[in-house]
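*Asks:*
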Amino acid sequence: MRLFWLYSLFLGLTKALVLFEEWKQKSSFAIIGGTNSGADTKRYQVSLQTLSGQHFCGGTIIADRWILTAAHCLLCRNETQIKIRYRTLTYSHGGLIERISSFIIHESFDNYTNDNDIALLETANKLSINPIDIIKLPPPGVDELNTIKSVSVSGWGLTNANDTKLSHRLQTVTIPLVSIETCQQIYESVINEDDMFCAGDPDGGVDACKGDSGGPAISPNDYTLVGLVSWGFLCADPAYPGVYIRVSSYVEWILEQGVTLTF
Numbered sequence: 001m002r003l004f005w006l007y008s009l010f011l012g013l014t015k016a017l018v019l020f021e022e023w024k025q026k027s028s029f030a031i032i033g034g035t036n037s038g039a040d041t042k043r044y045q046v047s048l049q050t051l052s053g054q055h056f057c058g059g060t061i062i063a064d065r066w067i068l069t070a071a072h073c074l075l076c077r078n079e080t081q082i083k084i085r086y087r088t089l090t091y092s093h094g095g096l097i098e099r100i101s102s103f104i105i106h107e108s109f110d111n112y113t114n115d116n117d118i119a120l121l122e123t124a125n126k127l128s129i130n131p132i133d134i135i136k137l138p139p140p141g142v143d144e145l146n147t148i149k150s151v152s153v154s155g156w157g158l159t160n161a162n163d164t165k166l167s168h169r170l171q172t173v174t175i176p177l178v179s180i181e182t183c184q185q186i187y188e189s190v191i192n193e194d195d196m197f198c199a200g201d202p203d204g205g206v207d208a209c210k211g212d213s214g215g216p217a218i219s220p221n222d223y224t225l226v227g228l229v230s231w232g233f234l235c236a237d238p239a240y241p242g243v244y245i246r247v248s249s250y251v252e253w254i255l256e257q258g259v260t261l262t263f
């Protein structure tokens with residue numbers, strides 16, 4: 001009986017790790033099933049780019065010199081090789097450009113499991129923004145995910161999983177939350193409920209996909225930043241929801257880095 005249990009556990013772990021490794025080969029996320037974001041909306045959204053202007057991840061303005069994103073977006077990158085484009089709905093032109101002076105990857109980030117997949121970027125200069133452009137974060141000890149049923153996700157990535165080009169216009173989509181119990185059953189040992197949550201439509205068709213990891217997941221109630229796009233398997237597949245970093249678990253960590261937040 002013990003051998004059977006160990007064998008079953010081995011198969012489960014193997015399946016979960018295979019799914020995770022296949023996801024990692026797909027790189028970062030974008031938006032499928034969304035619509036064009038309207039003018040003067042999503043002003044907190046930024047495009048993380050190489051100096052040549054290649055978009056590689058999304059981010060969110062949380063203070064006048066600080067951007068929140070996913071840790072895996074910054075692997076094998078140097079702060080001198082990153083810029084952001086902000087105050088624009090198109091990642092390739094318009095808006096403003098700012099260089100990055102430094103970044104902080106969470107000290108417990110695990111590139112194998114994507115636990116603690118969160119990072120901060122500090123800009124070289126204060127951003128030219130209004131207070132309304134700074135996204136609110138949940139107050140310490142408050143988890144707004146307990147009071148909502150969906151999140152609003154935005155990004156510039158693929159609008160079709162079989163495509164190869166990023167979306168020219170910022171896309172926005174509303175995605176239903178999936179219970180942590182259901183998500184753990186799907187992804188088995190990979191999901192850590194302390195710092196992750198899941199969102200996906202049981203009918204498929206809406207999701208984050210290649211091109212916008214690190215982008216924001218927003219509460220529809222009060223436009224609070226509740227999550228960051230982290231990882232998933234396939235794109236907009238009804239069987240596999242997307243996995244997001246739970247921002248409320250990291251508010252204290254962000255404050256410890258010297259960031260003044262808006263609640």
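Going by UniProt numbering, the first residue of the sequence shown is number 1, and it counts up by one from there.
Every residue gets a Cβ at the ideal spot worked out from N, C-alpha and C, and that includes glycine.
Measure the C-alpha to C-alpha separation of L51 and T80 and round it to an integer number of angstroms.
*Replies:* Taking the straight line from one Cα to the other gives about 9 Å.
*Asks:* How is S249 classed by DSSP in three states: helix, strand or coil?
*Replies:* Note: S249 maps to helix in three-state DSSP.
*Asks:* Is C183 near the ligand ATP, judged by its Cβ being under 7 Å from some heavy atom?
*Replies:* Ligands are entirely absent from the displayed structure, and the ligand ATP is therefore not among its contents.
*Asks:* Are three or more beta carbon pairs between the stretch 116-126 and the stretch 244-254 nearer than 8 Å?
*Replies:* Taking 8 Å as the limit for Cβ pairs, the verdict is that the stretch 244-254 does touch the stretch 116-126.
*Asks:* Three-state secondary structure (DSSP) at P238?
*Replies:* In the structure shown, P238 sits in coil (DSSP, three-state: anything other than H, G, I, E or B).
*Asks:* Given T123, which residues of its chain have a CB within under 8 Å of its CB, disregarding the five upstream and five downstream residues?
*Replies:* Answer for T123: R65, W66, I67, I84, E98, R99, I100 and S101, listed in chain order.
*Asks:* Let me make sure I understand the geometry here. Which of V226, K149 and M196 has the alpha-carbon closest to that of A139?
*Replies:* One point to set straight first is that residue 139 is Pro, not Ala, in the sequence displayed. Taking only the C-alpha atoms, the option nearest P139 is V226.
*Asks:* With DSSP collapsed to three states, give me the class of E98.
*Replies:* If DSSP states are grouped into helix, strand and coil, E98 belongs with the strands.
*Asks:* Between which residues of its own chain and R2 is the CB-CB distance below 8 Å, once the five residues before and five after are set aside?
*Replies:* Here the model assigns R2 a pLDDT of 35, short of 50, so the residue's position is not dependable, and the following value carries that caveat. Counting only Cβ-Cβ distances below 8 Å, and skipping sequence neighbours, we find nothing.
*Asks:* Tell me, please, which residues DSSP counts as bridged to A63.
*Replies:* For A63, which the question treats as bridged, DSSP gives the partners W66.
*Asks:* Take C235 as the anchor and find which of P202, M196, Q45 and S219 has the nearest alpha-carbon.
*Replies:* Ranking P202, M196, Q45 and S219 by Cα distance to C235 puts P202 first.
*Asks:* So, is I134 buried or exposed, given that buried needs 16 or more other C-beta atoms within 10 angstroms?
*Replies:* So I134 counts as buried.
*Asks:* Here's the rule I'm using: 16 or more other beta-carbon atoms within 10 Å means buried, otherwise exposed. How should I175 be labelled?
*Replies:* With 16 or more other Cβ atoms within 10 Å, it is buried.
*Asks:* Near D143, which residues of its chain fall below 7 Å by C-beta distance, leaving aside the five closest residues on each side in sequence?
*Replies:* Within the same chain, D143 has close Cβ partners S248.
*Asks:* Is the distance from the Cβ of S212 to the Cβ of V229 below 8 Å?
*Replies:* It is Asp, not Ser, that sits at residue 212 in the sequence shown. Contact: yes.
*Asks:* Our contact map puts L177 next to K136 with C-beta atoms below 8 Å; I'd like the distance itself, whole angstroms only.
*Replies:* Not a contact, Cβ separation roughly 19 Å.
*Asks:* Which of the three DSSP states is assigned to I104 in this structure?
*Replies:* I104: strand per DSSP, three-state reduction.
*Asks:* Grab the span of the alpha helix (DSSP H) containing I180 for me, first residue to last.
*Replies:* It spans I180 to Y187 - the alpha helix (DSSP H) in which I180 sits, taken as one unbroken run.
*Asks:* With DSSP as the reference, identify every bridge partner of I218, one or two as the case may be.
*Replies:* Paired residues: S152 and L225.
*Asks:* If you measure between the beta carbons of C73 and G214, is that distance less than 8 Å?
*Replies:* Yes, the Cβ-Cβ distance between C73 and G214 is below 8 Å.
*Asks:* Using the Cα positions of K126 and H106, report the straight-line distance between them to the nearest angstrom.
*Replies:* Whole-angstrom Cα-Cα distance: 23 Å.
*Asks:* Can you have a look at L89 and say buried or exposed, based on whether 16 or more other CB atoms are within 10 angstroms of its CB?
*Replies:* Classification of L89: buried, given that the 10 Å Cβ count is 16 or more.
*Asks:* Rounding to the nearest angstrom, what Cα-Cα distance links R169 and Y91 in this structure?
*Replies:* R169 and Y91: Cα-Cα distance of roughly 7 Å.
*Asks:* Taking all protein chains shown into account, do 16 or more other C-beta atoms lie within 10 angstroms of the C-beta of T69, making it buried, or fewer, making it exposed?
*Replies:* Under this definition T69 is a buried residue.
*Asks:* Beta strand (DSSP E) containing Y86: first to last residue?
*Replies:* Residues I82 to Y86.
*Asks:* Considering A71, what are the terminal residues of the beta strand (DSSP E) in which it resides?
*Replies:* No beta strand (DSSP E) holds A71; DSSP gives it neither H nor E.
*Asks:* Locate the beta strand (DSSP E) running through F233, then write down its first and last residues.
*Replies:* Counting along the chain, F233 falls outside any beta strand (DSSP E), and DSSP gives it neither H nor E.
*Asks:* What residue from T260, N192 and T60 has the CA that sits closest to V153's CA?
*Replies:* Considering only alpha carbons, the answer is T60.
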